[in-house]
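Only one structure is covered here, and it is reproduced in the block below.
2 protein chains.
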Amino acid sequence: MAGNEAGSQFVARLTEVAAATESMLDRLLSPAPVPYERSRPERLIEAMRYASLGGGKRFRPFLVIESATLFAVPLERALMAAAALECVHCYSLVHDDLPAMDNDDLRRGRPTVHKQFDEATAILVGDSLLTFAFDILARPETHPDAAIRVALVLELARAAGLGGMAGGQMLDLAAEGRFAGALPQLSLTDVEELQAMKTGALLRYACAAGAILGAADTKKRAALDRFGATLGEAFQIADDILDVEGDPATVGKATHKDAEAHKATAVAILGVAKAKERLFGLVAEAEAALAPFGADAALLKEAARFVAERRA
Amino acid sequence: MAGNEAGSQFVARLTEVAAATESMLDRLLSPAPVPYERSRPERLIEAMRYASLGGGKRFRPFLVIESATLFAVPLERALMAAAALECVHCYSLVHDDLPAMDNDDLRRGRPTVHKQFDEATAILVGDSLLTFAFDILARPETHPDAAIRVALVLELARAAGLGGMAGGQMLDLAAEGRFAGALPQLSLTDVEELQAMKTGALLRYACAAGAILGAADTKKRAALDRFGATLGEAFQIADDILDVEGDPATVGKATHKDAEAHKATAVAILGVAKAKERLFGLVAEAEAALAPFGADAALLKEAARFVAERRA
Numbered sequence: 172m173a174g175n176e177a178g179s180q181f182v183a184r185l186t187e188v189a190a191a192t193e194s195m196l197d198r199l200l201s202p203a204p205v206p207y208e209r210s211r212p213e214r215l216i217e218a219m220r221y222a223s224l225g226g227g228k229r230f231r232p233f234l235v236i237e238s239a240t241l242f243a244v245p246l247e248r249a250l251m252a253a254a255a256l257e258c259v260h261c262y263s264l265v266h267d268d269l270p271a272m273d274n275d276d277l278r279r280g281r282p283t284v285h286k287q288f289d290e291a292t293a294i295l296v297g298d299s300l301l302t303f304a305f306d307i308l309a310r311p312e313t314h315p316d317a318a319i320r321v322a323l324v325l326e327l328a329r330a331a332g333l334g335g336m337a338g339g340q341m342l343d344l345a346a347e348g349r350f351a352g353a354l355p356q357l358s359l360t361d362v363e364e365l366q367a368m369k370t371g372a373l374l375r376y377a378c379a380a381g382a383i384l385g386a387a388d389t390k391k392r393a394a395l396d397r398f399g400a401t402l403g404e405a406f407q408i409a410d411d412i413l414d415v416e417g418d419p420a421t422v423g424k425a426t427h428k429d430a431e432a433h434k435a436t437a438v439a440i441l442g443v444a445k446a447k448e449r450l451f452g453l454v455a456e457a458e459a460a461l462a463p464f465g466a467d468a469a470l471l472k473e474a475a476r477f478v479a480e481r482r483a
Numbered sequence: 172m173a174g175n176e177a178g179s180q181f182v183a184r185l186t187e188v189a190a191a192t193e194s195m196l197d198r199l200l201s202p203a204p205v206p207y208e209r210s211r212p213e214r215l216i217e218a219m220r221y222a223s224l225g226g227g228k229r230f231r232p233f234l235v236i237e238s239a240t241l242f243a244v245p246l247e248r249a250l251m252a253a254a255a256l257e258c259v260h261c262y263s264l265v266h267d268d269l270p271a272m273d274n275d276d277l278r279r280g281r282p283t284v285h286k287q288f289d290e291a292t293a294i295l296v297g298d299s300l301l302t303f304a305f306d307i308l309a310r311p312e313t314h315p316d317a318a319i320r321v322a323l324v325l326e327l328a329r330a331a332g333l334g335g336m337a338g339g340q341m342l343d344l345a346a347e348g349r350f351a352g353a354l355p356q357l358s359l360t361d362v363e364e365l366q367a368m369k370t371g372a373l374l375r376y377a378c379a380a381g382a383i384l385g386a387a388d389t390k391k392r393a394a395l396d397r398f399g400a401t402l403g404e405a406f407q408i409a410d411d412i413l414d415v416e417g418d419p420a421t422v423g424k425a426t427h428k429d430a431e432a433h434k435a436t437a438v439a440i441l442g443v444a445k446a447k448e449r450l451f452g453l454v455a456e457a458e459a460a461l462a463p464f465g466a467d468a469a470l471l472k473e474a475a476r477f478v479a480e481r482r483a
């Protein structure tokens, strides 16, 4: 993180957004059932809360809220969309951590859901968080205009599904040689497609959600879409570089995992120096995409720099 | 099945609906990506098709379509909602069959998805089918009015999630003594709640979806809701009776599973004779709920009788 004033403003805002998202999720996922529900089974809601509360940078909620702010969307509405997106992000972590997937025991320094509870509960927690995201988006509190709510639903389903995040996770498992018995040869284009789907689609959606909530015109919608797509690519390259150069203590998870798995990443294909060049090119591109918003987009620009410069 | 004319009409219509649903799902889940998708990863779409095509009575789609027909909803629209609901039903089967859940190797006489492919693929297939359901419902082809589409989304999310099907599956695992180490003592009310959530919620949604698509007035909406809820309860009791009395060869799966697991079911609590009495009471109640629709609801009435009398 750059230590300049804009950087500090960004960190302060990210902290604020994280607290607001936490409190929105805490409210939405209250242990007591709401009137239209028969019950909220205790073990399930407890595990859903464990999976979604008390951790995470809440970077996707930040993007939703800052994008929405460009159009003066009321904070309560943006927080609903942000909470929905965070439910999808958390569901994906719970399922990805499962023994049959990445088999991780720890997440943010705590036991993963299937370790803390059990595998069946973890599967149901993921399913329920994913389903709950659409419940949240479809509620009138998210936006009084049904056309806007249904657009949020459609775009989230596409970002998270077969042609987005879930599809990207499938490509990622294939890239590890899970199904063929041997590591496939991935081109840079293959790697970019995998990452655009696995990580990029939700980051891109975060920015699109702000534009949808704000009923943005075509030009501004396209600008935020380009920002989100570029940011997503930068995010993944920065992650790959961290895996090579990061200190496990700072990063908070094991590093050098990609190289040990001989996994195709942009860094493995391009080398660290060229990957960094590309990363800073992407940040410049992301900042340029925000031109139509002028000074209003200062914090989003900081976010792009944060993504590239983060050490954890 | 009664061999009378209405019964034959019902069977003919169920067969027709199954074919139309199959062909809609086949089209929606085509292997080729649609323009807004980067790709449809081959193994994932293949396994999604395996999980959702080529089998099943398509009883939920039948209920959507027949309920929608009461309001002269165009068939193409009802088929979209039916396909979405069937995606949710199929996702639930794929995840329920997983080793960590019910650990089933066979489904409709074929290897389950995790047997035919692998566990990671099965998890992603379930996630992707669930997500895809919301993609389908949010498309303009489902209904030109966004308020109707978003109502379909909201109700499906609630029927399938924490307070519905997924919550019911959690209660079912708990009822098997999975978490406490011992079989809990379930009252008839507990069992009814479990079943209303696990099986009832989606059947009820099927009928509600027709009313939503048809912009039904409050009275007709409530009538279909009551029909769906009663039908759902009858469905589960009939299933429990089949488990006690059914011939495994006809039923197509092992019977006496509940008794062997000492599982609390309405039949275990009431005994077969009283359970049958209740079942036929529920069918009469379901038929009575359809009174506002007169002769138009003849096939839905047949459906209720079919549920009670089925041998498989």
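Going down the list, the sequences are from chains W and P.
The first sequence lines up with residues 172 to 483 when you count with my numbering.
The second sequence lines up with residues 172 to 483 when you count with my numbering.
Note that CB positions come from ideal geometry on N, CA and C, so glycine has one too.
Q. Roughly how many whole angstroms lie between the Cα atoms of residue 172/W and residue 477/W?
A. For residue 172/W, the predicted model reports a pLDDT of 40, less than 50, meaning its position is unreliable and no value from the coordinates is stated.
Q | Chain-ordered neighbours of residue 302/W on chain P, where CB pairs are closer than 8 Å | A | 301, 328, 331, 332, 333, 337
Q. Relative to the C-alpha of residue 412/W, which residue among 480/W, 465/W, 395/W, 322/W is closest?
A. Of the candidates 480/W, 465/W, 395/W, 322/W, the one whose C-alpha sits nearest the C-alpha of residue 412/W is 480/W.
Q) residue 267/W: buried (16+ other C-beta within 10 angstroms of its C-beta) or exposed? A) buried
Q: Please list the partners that residue 252/W has in chain P, where partner means a Cβ-to-Cβ separation under 8 Å.
A: Under the 8 Å cutoff, chain P gives no residues; its nearest Cβ is about 14 Å from residue 252/W.
Q) Going along chain P, which residues have a C-beta under 8 Å from residue 482/W? A) Correct list: empty, because the minimum Cβ distance to chain P is about 30 Å.
Q: List the DSSP bridge partners of residue 281/P.
A: 278/P
Q) Helix, strand or coil for residue 194/W per DSSP? A) helix
Q.
If you reduce the DSSP assignment to three classes, tell me which class residue 485/P lands in.
A. Nothing can be reported for residue 485/P, as the shown portion of chain P is limited to 172 through 483.
Q.
When you compare the CB positions of residue 238/P and residue 381/P, do they come within less than 7 Å of one another, or not?
A. yes
Q: Give the secondary structure of residue 112/P by DSSP, where H, G and I count as helix, E and B as strand, and everything else as coil.
A: Because chain P spans 172 through 483 in this model, residue 112/P falls outside it and cannot be assessed.
Q. If we call anything under 7 Å between Cβ atoms a contact, is residue 235/W one with residue 317/P?
A. no
Q. Does at least one heavy atom of the ligand ADP sit under 6 Å from the Cβ of residue 282/W?
A. By its list of ligands, the structure shown contains no ligand whatsoever, and the ligand ADP lies outside what it can speak to.
Q: Would you please state the rounded distance, in angstroms, between the beta carbons of residue 407/W and residue 442/W? I believe it to be under 8 Å.
A: Their Cβ separation, rounded to whole angstroms, is 16 Å, which puts residue 407/W and residue 442/W out of contact at 8 Å.
Q.
Looking only at its chain, what residues have a beta carbon closer than 7 Å to the beta carbon of residue 278/P, apart from the 5 residues adjacent to it on each side?
A. If we look at residue 278/P and ignore the five residues flanking it on each side, its Cβ neighbours are 264, 268.
(Q) Using the Cβ count rule (16 or more neighbours within 10 Å means buried), how would you classify residue 232/P? (A) buried
Q: Identify the continuous alpha helix (DSSP H) that holds residue 263/P and give its terminal residues.
A: Counting along the chain, the unbroken alpha helix (DSSP H) around residue 263/P starts and ends at 246-267.
(Q) Considering Cα atoms alone, identify which of 409/W, 393/W, 328/W, 426/W is closest to residue 459/W. (A) 393/W
Q) Does the beta-carbon distance from residue 211/P to residue 384/P come in below 7 Å? A) No.
Q: Determine the closest residue to residue 409/W out of 446/W, 375/W, 300/W, with distance taken between C-alpha atoms.
A: The shortest CA-to-CA distance from residue 409/W to any of 446/W, 375/W, 300/W is the one to 446/W.
Q: Identify the continuous alpha helix (DSSP H) that holds residue 370/P and give its terminal residues.
A: That residue, residue 370/P, is in no alpha helix (DSSP H); it is neither H nor E in DSSP.
**Q.** Interface partners of residue 321/P on chain W, CB under 8 Å
**A.** For residue 321/P, the chain W residues whose C-beta falls within less than 8 Å of its own C-beta are 309, 317, 320, 321, 324, listed in chain order.
Q: Please go through the same chain and pick out, in chain order, the residues whose beta-carbon is closer than 8 Å to the beta-carbon of residue 438/P, but skip the five residues on each side of it.
A: Result list for residue 438/P: 408, 411, 412, 414, 415, 429, 446, in chain order.
Q: Kindly indicate if chain P contains any beta-carbon less than 7 Å away from that of residue 290/W.
A: yes
(Q) List, in chain order, every chain A residue whose beta-carbon is nearer than 7 Å to that of residue 266/P. (A) In the displayed structure, chain A is absent; the protein chains listed are W and P.
Q: Find the residues of chain P that neighbour residue 272/W, judging by a C-beta separation of less than 9 Å, and give them in chain order.
A: 290, 291, 294, 295
Q.
Rounded to whole angstroms, what is the Cα-Cα separation between residue 401/W and residue 359/W?
A. 16 Å
Q. If you draw a straight line from the C-alpha of residue 468/P to the C-alpha of residue 271/W, how long is it?
A. 47 Å
Q | Under 7 Å between C-beta atoms of residue 374/P and residue 403/P | A | yes
(Q) On the criterion of 16 or more Cβ atoms from any shown chain inside 10 Å, does residue 364/P qualify as buried, or is it exposed? (A) Buried, because 16 or more other Cβ atoms sit within 10 Å of the Cβ of residue 364/P.
(Q) Less than 7 Å between CB atoms is the rule here; does residue 451/P satisfy it with respect to chain W? (A) Under the 7 Å criterion on CB atoms, residue 451/P is classed as non-interfacial with respect to chain W.
Q: Could you tell me whether any Cβ in chain P is nearer than 7 Å to the Cβ of residue 476/W?
A: no
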